[in-house]
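Quick note on full-length UniProt numbering: the sequence shown kicks off at 1 and runs consecutively.
For reference, the structure is listed below as structure tokens.
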Amino acid sequence: MRYEQLVRRTHGVFRVAQLRATGATSSDIRDAVSSGGLVRLRKGWLSIPSAPPDLARAVSLGARLACVSGSRLRGLWAPEHHELHIARPAHAGRRFGDSAGCVEHWQSGTWASLPSAVEAVPAIVRQVLLCPHVEYEDALAIIDSALNRRSLTLATLRNIVATLPPRFARVLRDVDARSESGLESLCRFRLRELGLQVRSQVWFEEIGRVDLVVADRIILETDGREFHEASFLGDRTRDLALVSRGHIVIRVAYHHVVHEWNLVEQAVQALVRRGEHRWSAAHRREGLV
């Protein structure tokens, strides 16, 4: 059987009917299951052995992958979460297996309306905003990611927010489609919560864009979990050029943002207390402003 496109489209978890549509016969499917080439998750559903375990478990429970668990498979940023978030389709009756350790959502559409085993992006956005297990700042980072990747429009977001309680109106002013990473989104939100002026993705002539500019002079750059040796030198060269123009560059790693944010906050606030976030008369005399 050749069903590579189906595997790519479904992350390796699909309906028997979808596999048959590729030309596979019932005999082909039985042989593949017997040989271990396919796994039967429950009646009507199959997976390849290397399918994402969370997705396979969600389907085995008669549900879709949802909320923060679904955001990653949809190509969006996702925070660290240990719980499996699933959504049972509307009018779901029978339960399959033990859902202990799962966070269950009930806003999902029917299987007929959405054949995918992963929730659609608008549903994920609604779920992360309403889920008590998801921090507001993490929900914002996911929405930023969806807007930046153009898997969600601002008009659709407005429609979603209109269906939620009034307290969620702030989402529309807190999100920023220019944000290029979850870390950048978290930093922007936290610094603004401190009352600081923060701009995203600011362009500097002959240098390029930087993640965040705090007030006039402080530039905050975020480095993800992965270390990219090829970009290391280029990033430091940019930092030197920015310093020569009078800016203060703070470069933070994933660990700092997620686990040691207090260190970042202390550094920024120390600069602000000393007034180093603003251009001075000396900077103006040097022609830096």
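In this text, a Cβ means the ideal position worked out from N, Cα and C, and glycines have one as well.
Just so we're clear, the structure is a prediction, and the values are computed from it rather than from any experiment.
Legend entry - Where E137 falls: helix, strand or coil (DSSP): E137 falls in the helix class under three-state DSSP.
Inset, instruction - Determine which residues share a DSSP beta bridge with C102 and list them. - result: Under DSSP, C102 forms a beta bridge with L84.
Inset, instruction - Measure how close the beta-carbons of G101 and E83 come, nearest whole angstrom, since I'm counting them as under 8 Å. - result: Sure, about 6 Å apart at Cβ, within 8 Å.
Inset, instruction - Kindly examine the ligand FAD and report whether one of its heavy atoms sits closer than 8 Å to the Cβ of I86. - result: The ligand FAD is not part of the structure shown, which contains no ligands of any sort.
Legend entry - Sequence-distant residues of the same chain with beta carbon closer than 7 Å to G36, five excluded per side: Residues of the same chain with a CB within less than 7 Å of the CB of G36, apart from the 5 flanking positions on each side, are P49 in chain order.
Inset, instruction - Would you list the one or two residues that DSSP bridges to I219? - result: As DSSP reads the structure, I219 sits in a beta bridge with V213 and V249.
Legend entry - Assigned secondary structure, V272 (DSSP; H/G/I helix, E/B strand, else coil): Helix at V272.
Inset, instruction - With DSSP as the reference, please indicate the residues paired to G234 in a beta bridge. - result: Looking at the DSSP assignment, G234 forms no beta bridge with any residue, so it has no partner.
Inset, instruction - Might you give, ordered along the chain, the residues of its own chain that have their beta carbon closer than 6 Å to the beta carbon of A146, omitting 5 neighbours on each side? - result: Excluding residues within five positions, the ones whose Cβ falls inside 6 Å are L76, V121 and L152.
Legend entry - Per DSSP, the bridge partner or partners of V13: Paired residue(s): S47.
Legend entry - Pick from I207, S244, V210 and R170 that is closest to E193, judged by C-alpha positions: Cα-wise, what sits closest to E193 is R170.
Legend entry - Contact check, G224 vs H283, beta carbons under 9 Å: In this structure, H283 does not lie closer than 9 Å to G224 by Cβ.
Inset, instruction - Find out if the Cβ-Cβ distance for the pair residue 300, L157 is shorter than 9 Å. - result: This structure leaves residue 300 out entirely; the chain is present only between 1 and 289.
Inset, instruction - State the CB to CB distance for the pair L41 and S26, rounded to an integer number of angstroms; the pair is presumed to be in contact (CB under 8 Å). - result: Contact doesn't hold; Cβ gap of about 17 Å is too wide.
Legend entry - Cβ pair G182, A253 closer than 9 Å: Not in contact: G182 and A253 (Cβ atoms no closer than 9 Å).
Legend entry - Whole-angstrom distance between R74 and R263, CA atom to CA atom: According to the sequence as given, residue 263 is Leu; it is not Arg. Each residue's CA atom was taken as its position, placing L263 and R74 some 32 Å apart.
Legend entry - Whole-angstrom C-beta distance between A63 and residue 291, which should lie under 8 Å: The structure shown does not extend to residue 291, since the chain is modelled only from 1 to 289, so the question has no answer here.
Inset, instruction - Evaluate the contact criterion for the region 206-219 versus the region 272-287: three or more CB pairs, one atom per stretch, below 8 Å. - result: Taking a contact to require three or more Cβ pairs closer than 8 Å, the region 206-219 and the region 272-287 qualify as touching.
Legend entry - Whole-angstrom distance between T22 and G125, CA atom to CA atom: One point to set straight first is that residue 125 is Val, not Gly, in the sequence displayed. Rounded to whole angstroms, the gap between the alpha carbons of V125 and T22 is 32 Å.
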